[in-house]
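Let me begin by presenting the structure, written as structure tokens, before commenting on it.
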Amino acid sequence: MITAGLVLAAGAGRRFGRAKALVPYRDRLLVEHAAETLRMAGCERRLVVLGACAEQVLAAASDLPETVINPDWDTGMGSSLRAGLAALAGNATLAGHAAQDSHAAAVVDAVVVLLVDMPGVTAEAVRRVVAHAAPGALVTGGYQGRRGHPVLLGREHWAGVAASATGDRGARDYLRAHEVLVVEVGDVADDQDLDRPEDLDA
Numbered sequence: 001m002i003t004a005g006l007v008l009a010a011g012a013g014r015r016f017g018r019a020k021a022l023v024p025y026r027d028r029l030l031v032e033h034a035a036e037t038l039r040m041a042g043c044e045r046r047l048v049v050l051g052a053c054a055e056q057v058l059a060a061a062s063d064l065p066e067t068v069i070n071p072d073w074d075t076g077m078g079s080s081l082r083a084g085l086a087a088l089a090g091n092a093t094l095a096g097h098a099a100q101d102s103h104a105a106a107v108v109d110a111v112v113v114l115l116v117d118m119p120g121v122t123a124e125a126v127r128r129v130v131a132h133a134a135p136g137a138l139v140t141g142g143y144q145g146r147r148g149h150p151v152l153l154g155r156e157h158w159a160g161v162a163a164s165a166t167g168d169r170g171a172r173d174y175l176r177a178h179e180v181l182v183v184e185v186g187d188v189a190d191d192q193d194l195d196r197p198e199d200l201d202a
């Protein structure tokens, strides 16, 4: 069972005032922090979706894993999720445009998704969710019963998720329409997102 890790880091961060991928956090950039979280969680393949300020992110970030550029990043997070799934599946149809073929795509059974602006989601939280990975699995982190992040999508669901991922909704509508396993992670993680600079001090 091979589970990939996917970081969605393509947004412009308009409310924040800059692309969140470029925001410093604990002596590194948020995008580096997210990629490292997935590495520490044991994800055998990691992919980062970039969009706004992609060239600056690539120049500023060190040791990023595989990256995909989402040309439609300004349409919302859904397009970045589609681009990431397409790269992992080696299927441009999922993205809605020409996507790069990715190596070893056929061996990925599931993907765990992290948002770049949720640095409180820890490697332990990712490990707990990934422990339930399977091609047919849908799993989310749980916070006292509330569904949250990270989110794991088994490969059998990728086409359905991609078809419903529009605007900034990501996989939300698809998950609401299907049975999802919720794994408690609230004791080791916080999925509060960083919307404004003052949230870094919260």
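Using the UniProt record's numbering, read the sequence shown as starting at 1 and increasing by one per residue.
Yeah, the Cβ is synthetic: ideal placement off N, Cα and C, and Gly gets one too.
Give the single residue among T166, G160 and E179 whose Cα lies nearest to the Cα of R147.
-> Translated into the one-based positions of the sequence shown, residue 147 becomes position 147. For R147, the closest alpha carbon among the candidates T166, G160 and E179 is that of E179.
Counting along the chain, where does the alpha helix (DSSP H) carrying G160 start and finish?
-> Position 160 of the sequence shown holds residue 160. W158 to S164 is the extent of the alpha helix (DSSP H) around G160.
Could you give the uninterrupted runs of the beta strand (DSSP E) lying entirely in the stretch 33-76, keeping only those of 3 residues or more?
-> Counting whole runs of 3 or more residues, the stretch 33-76 contains the beta strand (DSSP E) stretches 45-50 and 66-69.
Anticipated Cβ contact below 8 Å, V108 with L88, distance rounded | The count along the sequence shown starts at 1 and reaches residue 108 at position 108. The count along the sequence shown starts at 1 and reaches residue 88 at position 88. With 8 Å as the limit, V108 and L88 qualify as a contact, their Cβ atoms being about 5 Å apart.
Excluding the five sequence neighbours on either side, which residues of its own chain have a C-beta within less than 6 Å of the C-beta of D72, listed in chain order?
-> Counting from one through the sequence shown, the residue named residue 72 turns up at place 72. Excluding residues up to 5 positions away in sequence, S79 lie with their Cβ nearer than 6 Å to the Cβ of D72 in the same chain.
By DSSP, does R147 sit in helix, in strand, or in coil?
-> Taking the first residue of the sequence shown as 1, we reach residue 147 at position 147. R147: strand per DSSP, three-state reduction.
Roughly how many whole angstroms lie between the Cα atoms of A104 and L29?
-> Along the sequence shown, read from residue 1 onward, the residue named residue 104 stands at position 104. Along the sequence shown, read from residue 1 onward, the residue named residue 29 stands at position 29. With a pLDDT of 45 at A104, under the threshold of 50, the modelled position of this residue cannot be trusted; read the value that follows with caution. Spanning the two alpha carbons is a distance of roughly 28 Å.
Compute the distance between the beta-carbons of V185 and A125, then report whether it is under 9 Å.
-> Looking up residue 185 in the sequence shown gives position 185. Looking up residue 125 in the sequence shown gives position 125. Closer than 9 Å, so yes.
Best match in T75, D74 and I69 for proximity to L85 [C-alpha to C-alpha] = Translated into the one-based positions of the sequence shown, residue 85 becomes position 85. For the residues T75, D74 and I69, the minimum Cα distance to L85 belongs to I69.
Leaving aside the five residues before and after Q100 along the sequence, list all residues of the same chain whose C-beta is less than 8 Å from its C-beta, in chain order.
-> Taking the first residue of the sequence shown as position 1, residue 100 is located at position 100. For Q100, the pLDDT reaches just 45, beneath the cut-off of 50, and the residue's location in the model is therefore unreliable, leaving the point undetermined.
Nearest candidate by alpha-carbon position, reference T3, set G142, R39 and R15 = As a position in the sequence shown, residue 3 is number 3, starting the count at 1. Of the candidates G142, R39 and R15, the one whose C-alpha sits nearest the C-alpha of T3 is R39.
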